[in-house]
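Below is one structure; the comments refer to it alone.
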Amino acid sequence: MTSRHPIRIAFLATSFAALAAVGACSKTPEPQAETTPAPPMTLGTQVDDAVVTSSVKSALLADDLVKSFELQVETRKGVVQLSGFVDNQAQIDQAMALTSAVQGVVNVENDVTLKGSSSTVGTKIDDAAVTTRVKTALLADAAIKSFDISVLTFKGEVQLTGFVNNQSQIDLAGQLASAAEGASSVKNDLMIKQ
């Protein structure tokens, strides 16, 4: 009889821990004084968006026309934002068609940019350094500090995509990216969370 008592205690402790974890998942973060929080997303919506993102990435990787390009995919409440750099308009059209065909996609925001001429190895290394500088600046700024912003750089052109809470964060992210050493221009395609 006494050997069952510790098992019950362990079971109850595990149950309470699981309930606390589930409760914490549905909590919305405390709003900061300077930013307006986005409407909360349920855990189900977050899972749905993750499935949509994964399905879109799989569809893009399976297609011979677009699989060799580093396209970024961000999803929020079924709205998919595509970004990156490709060689021609046919690749953009194909990426849009593949994305639109994925179940769960409500809308597709096309922020894919044409590359122009190819870059050298040195330029690619420089672009990686610029991307790192921009990401570091975004994470260091208390008003943004977001992992929801994707940064791509091609020949010094920085492209910002993802979702933020308000227009002030969009503007600040653009300013920080422009100030990064090596950034020749910034294409700010950030969107406000709905």
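The numbering used here numbers the first residue of the sequence shown as -5 and each following residue consecutively.
Cβ coordinates follow ideal geometry from the N, Cα and C atoms, glycine included.
With the rule of 3 Cβ pairs closer than 8 Å, the stretch 38 to 58 does not count as touching the stretch 114 to 134. In the structure shown, the three-state DSSP call for Q75 is strand. The C-beta distance from E103 to V80 rounds to 16 Å, too long to fall under 8 Å, and the pair is not in contact. Per DSSP, the continuous alpha helix (DSSP H) segment holding M90 begins and ends at Q83 to S94. Under the three-state reduction of DSSP output, V145 falls in the strand class.
Under a 10 Å Cβ-count criterion, S52 is classified as exposed, with fewer than 16 other Cβ atoms of the shown protein chains found around its own Cβ. In this structure the stretch 160 to 176 touches the stretch 132 to 149; the number of beta carbon pairs closer than 8 Å is three or more.
For I186, the uninterrupted beta strand (DSSP E) segment begins and ends at S179 to I186.
A straight line joining the alpha-carbon of A91 with that of Q75 spans about 13 Å. With fewer than 16 other beta carbons inside 10 angstroms of its own, Q161 counts as exposed. T36 sits in coil when the DSSP states are folded into three classes, being neither helix nor strand.
Of the candidates G156, G176, T130 and L132, G176 places its Cα closest to the Cα of F148. Where Q153 is concerned, the enclosing beta strand (DSSP E) starts and stops at E151 to V158. Counting C-beta atoms within 10 angstroms of its own C-beta, G156 has 16 or more neighbours from the protein chains shown and is therefore classed as buried.
Taking the Cα positions, Q188 is about 28 Å away from L108. With respect to L59, Q85 sits close: the two C-beta atoms are nearer than 8 Å.
As far as DSSP is concerned, R127 takes part in no beta bridge. DSSP places Q66 in the uninterrupted beta strand (DSSP E) bounded by Q66 to R70. Burial is judged here by how many other beta carbons sit within 10 angstroms of a residue's own beta carbon; E68 has at least 16 and is buried.
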